[in-house]
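First up is the structure itself, then whatever we jot down about it.
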Amino acid sequence: MVVLKTILLLAYITAAAQATPLQDSTEVRVSATLVANAPAAKDVQGVHLLLDNDVDSKTPKNPVILLSKPRSYNDSQVLCSTMGEKLAQSSTPNLRKLLDTTPVAADEVKRANRYWVNNGNGTNTSKCMAFDRKADRTLQLSCTIKLPALCTNSLPRYQTGVKTIDKSKQIKVRTPKAGTWQGYRDQNQFRFLGIPYAEPPLGDLRFQKPIRLNPKRYGGNDKANDATEFGHACMQLPFAGANFTPEQEVSLLGARQSEDCLYLNVFTPSLKAQKAKRLPVMVYIHGGGFTALAGSTPIFEPGNVVSRGGVVVVTLNYRLSTFGLFENTPEIPRSKAPGNLAIRDQIYALRWVQNNIVAFGGDPSQVTIFGESAGGWSMRALLSAPSAFGLYKNVISQSDPVGVPFSSPKYSSDLSKLVMQNLNCSTSDLACARNKTADQVTAAQVKASSTLLQKPENQWILPAAAFRPTVDKSLIPADFADLLKSGKYNKKANVLWGFTKDEGNSFVSTTLPNPIPLADIDTEFARLVPYNRTRVLIKSPYYKKDNSTDSVRKAFGQGMTDFYWVCPYLIFSRAGAMKKSNFYTYRMNHGRNSASALGMPPSPLCEGYICHGDDLIPSFGSGDIAPGVEQTGDDARFARQVIDRFTIFAKTGNPNPPNTTSNATFGAASQNPDVTRVQWPKYDQSNPVFEFALANSNVTKNADAGRCEWLNENTQYDYQVNGPGGKFVPIFPPVSKPPTSSTKTPTSTTSGTTLIQTPSSISGRPTITNTITTVPILSTPSSMSDHQTTTNTLTTQTPTTIVIIPPPTTSALPSPPTTSALPSPPTTSALPSPPPTTITTVAPGTTATTAAPVETTIGTTTTTGASVTVTVTSVIGTLTVSGNTSATTVTVSLFSPQIAVSL
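Under mature numbering (1 follows the signal peptide of the UniProt record, and there is no 0), the residues of the sequence shown are numbered -19 to -1, 1 to 884, in order.
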């Protein structure tokens, strides 16, 4: 049975008490009292929050505020007071180091050596105290001299669940095209929350594209709008039977949920003067299986990324589940329900960033998009959507199950039809569906997704991927695998992506026995993995299964990690390298369970493992977001490493720091030995993977090649056989060492013309050749995009030899060299000796032996009668050898050089 679940933050969700059902969330946002006469950023002309941020909960941060515009001592003192502060003490620890290494205001600091600080005794009215950065000492200067100034920053950092958050230190920002917004600051950042980026998708706008926000919504440019509270989260799919009280809802999402949810949040350490150099921007798109979570979810709190990295961070909401992925073609035309609304919302928010982020200190030409799980899937969609290409420069994709393709219009429409039927609406009656309440739609989609996933044709789908972006031919022209092959993705973007060490363990059900008995492996795996993957994984010599403690669970977790993440990532990374794109691939070997940030115990599935979602806290440094929970020692150290790598990448498109001992643009990252010690190479034919570890991060090459070679030869990934339209995608050479027979050309026993020849130009496809003398019978299309099947029949009275030839070694991307990192498969009696490279049917009435060039199912059969018929079907690659009364069917993989024999 397929169980619909969102794997992100599973422990976090299920820990919530099962209380009252969610209600329609239509209440108006509660507005904090805006401070009258709050300063405007344009009048301050450069205000920057500096602190020594090592992301450790227990160490002092010594925060100060830099006012970069030169002013007299008295004017500086007044402005500090206006901001609720006073001039900083010259005795502030490490003041010189803080100024010299800050990435927040590196350009501003370079232009000045002296700064006003607190006078101390305050008795001298003609001479005032300044701090000399280069001399690292104070001196007395005329109070009328104009210098930048340093103010105190007395506020603590933001934490969720604190009912007395001080929001009194506010500031106004006027944007070019979205009005004026009044936010507040904490120790780390200025926070501008709940800014709408599109009209609320209500009424007739439900299931429609996002549209431009009416300026009346924010009262024009002069009125200060409240940006001190998060906007509503989007409607959530109540998965795993979880219902929340309003308090639990806010604890999980940061806000109540509503269909009026198209809001974003801006976090910046620096509000720049008009002509000052701007900071890089990182736009975070949250995960949650396209069914859950929000940009306001507490573990996505970016304060440590903002202040340590010297970047502007934007988080956003986008429509989820049916609200975000509804379509029903051809019954409802795309002009009325275009589909892919979740991705369209994200693109609309990115346009808002392009138009307005400069007001918050951000550089619109230096945007990095990043996301985890469904957020990583969104990265894949944005790399595929031409309308998004100009909106970002770099991409960080975390834990996207890249082995699972985008959805097809048929699947997405079938899901939407079931929702409409559950709403008691005709499947073409869009008005009926729009008239239902948001809670009614949410309830209808729960049943619909469960029903659809239990259909046999859909049971291949990763359980957490019921809702997926769709190849609609307009926004998303093709599946990402196709676009990689054709080079029609965003090739200019720099891509940093990867996975955690134990992604697949999140899929092992808590209802299974612990340990899983070895004798029950077939039945238990079959409950979790539909299709024929169970037998494939069980058969692998790489996933050790014995009677030791829970080896079955470990083997299954590793197999799922390889199948959905590791091996497809390596294949796709090599494909990107072929197209001259910059890909950097990683594995997280350390992490922290997301539930721990809230003081909750981790899921039992993931104790001792680095599971799906365990990279979130290190990526944000949000391990102490809740009161009473700390981020110290090893947790802080690892968070520093991840944040430094990611923010360096956001600044340069390369995760390696510059070759200098100190560079203020990169801040503490340029002096972090966990970062500077190891060079992270771009992906190439040696299959380099950066191994994030606590103390000894390193680069491995071909470390996964053995396992991936086995999977490439013995199964097919979902993107190959279950892509939109159901076509097979012959994509790229597998990440493997080719079989030794790949360089051999079989010797023909009969001279003549080749009868069956699959084009060698299609990289990764085997070549099928019949060597008897006759005329050609099959011309396989050079493009597989037409989904057509070609069948030809040859009847002969003579013995027939069919040879399967693996792809030549001269493919477009060379196979990796053999290295010591490539393990040899363990010896097992279950595996037969390597078979010959031919399938031979001898004279009628005798025994024919079937074999394959790589290990699969091996068997024999006997043909009878006066003739032998050979039928070849392309696309899926079925080869049937039959006589009058018996037949042997051979299924030929068009992805890797193999066949499977079914007797």
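We put the CB at the ideal spot given by N, CA and C, even for glycine.
Close beta carbons around residue 294, own chain, < 7 Å, minus the five adjacent residues each side
248, 263, 265, 283, 286 and 287
Taking all protein chains shown into account, decide if residue 390 is buried (16 or more other Cβ within 10 angstroms of its Cβ) or exposed.
Burial of residue 390 is indicated by the presence of at least 16 other C-beta atoms within 10 angstroms of its C-beta.
Who does residue 682 pair with in a DSSP beta bridge?
669
Name the two residues that bound the continuous beta strand (DSSP E) containing residue 166.
161 to 166
Between residue 462 and residue 367, how many whole angstroms is the CB-CB distance? I'm expecting something under 8 Å.
In fact, because the Cβ distance is near 17 Å, the residues do not count as touching under 8 Å.
I need the DSSP call for residue 413, collapsed to helix, strand or coil.
helix
Select from 251, 352 and 302 the residue whose C-alpha is nearest the C-alpha of residue 276.
Comparing Cα-Cα distances from residue 276 to each of 251, 352 and 302, the minimum goes to 352.
Whole-angstrom distance between residue 543 and residue 559, CA atom to CA atom:
22 Å
Span separating the alpha-carbon of residue -16 from that of residue 216
With a pLDDT of only 33 at residue -16, under the threshold of 50, the placement of this residue in the model should not be trusted; the figure read from the coordinates follows. Our two residues, residue -16 and residue 216, have alpha carbons roughly 17 Å apart in a direct line.
When the Cα of residue 655 is compared with those of 626, 483, 691 and 439, which residue comes out closest?
626
Among 298, 676 and 325, whose alpha-carbon lies nearest the alpha-carbon of residue 307?
325
Hey, would you say residue 132 sits closer than 8 Å to residue 108, going by beta carbons?
no
Per DSSP, what kind of secondary structure is residue 373 in: helix, strand or coil?
Note: residue 373 maps to coil in three-state DSSP.
So, are the CB atoms of residue 140 and residue 607 less than 8 Å apart?
yes
Give the C-beta separation of residue 473 and residue 565 to the nearest angstrom, bearing in mind that I take them to be a contact with Cβ-Cβ under 8 Å.
No, residue 473 and residue 565 are not in contact; Cβ-Cβ is about 15 Å, not under 8 Å.
Answer yes if the region 370 to 380 comes into contact with the region 337 to 356, meaning at least three C-beta pairs across the two stretches below 8 Å, and no otherwise.
Yes, the region 337 to 356 is in contact with the region 370 to 380.
Roughly how many whole angstroms lie between the Cα atoms of residue 196 and residue 175?
Their backbone Cα atoms lie some 16 Å apart in a straight line.
Can you give me the Cβ contacts of residue 168 inside the same chain, cut-off strictly under 7 Å, excluding the 5 residues immediately before and after it?
32, 42, 44, 134, 136, 137 and 138
Report buried or exposed for residue 85, applying the criterion of at least 16 other Cβ atoms within 10 angstroms of its Cβ.
buried
Three-pair Cβ contact test at 8 Å for the region 399 to 407 versus the region 417 to 426:
They touch, by the three-pair rule.
Residue burial classification, residue 701 (beta-carbon count within 10 angstroms, cutoff 16):
So residue 701 counts as buried.
Classify residue 601 as helix, strand or coil using the three-state DSSP reduction.
Residue 601 falls in the helix class under three-state DSSP.
Beta-carbon separation of residue 415 and residue 185 under 8 Å?
yes
CB-CB under 6 Å to residue 632, same chain, minus the five flanking residues each way: which ones, in chain order?
261
Any non-hydrogen atom of the ligand HEM within 7 Å of residue 236 CB
The model on display carries no ligand, and the ligand HEM is accordingly not part of it.
Applying the criterion that 16 or more other CB atoms from any shown protein chain within 10 Å of the CB defines a buried residue, is residue 192 buried or exposed?
exposed
Do you know how far the Cα of residue 14 is from the Cα of residue 488?
Their Cα atoms are separated by approximately 46 Å.
Taking the C-alpha atoms as reference points, what is the distance between residue 119 and residue 78?
15 Å
Express the C-alpha separation of residue 524 and residue 458 in angstroms, rounding to a whole number.
37 Å
Assign residue 886 to buried or exposed, taking buried as 16 or more other Cβ atoms, counted over all protein chains shown, within 10 Å of its Cβ.
Nothing can be reported for residue 886, as the shown portion of the chain is limited to -19 through 884.
Whole-angstrom distance between residue 178 and residue 309, CA atom to CA atom
26 Å
Inter-residue spacing [alpha-carbon to alpha-carbon] between residue 527 and residue 545:
24 Å
What residue range is occupied by the uninterrupted beta strand (DSSP E) comprising residue 524?
It is not in any beta strand (DSSP E) - residue 524 carries neither H nor E in the DSSP assignment.
Reducing DSSP to helix, strand and coil, say where residue 118 ends up.
DSSP, read as helix, strand or coil, puts residue 118 in strand.
Helix or strand or just coil, what does DSSP make of residue 197?
helix
Beta-carbon spacing of residue 404, residue 421 below 8 Å
yes
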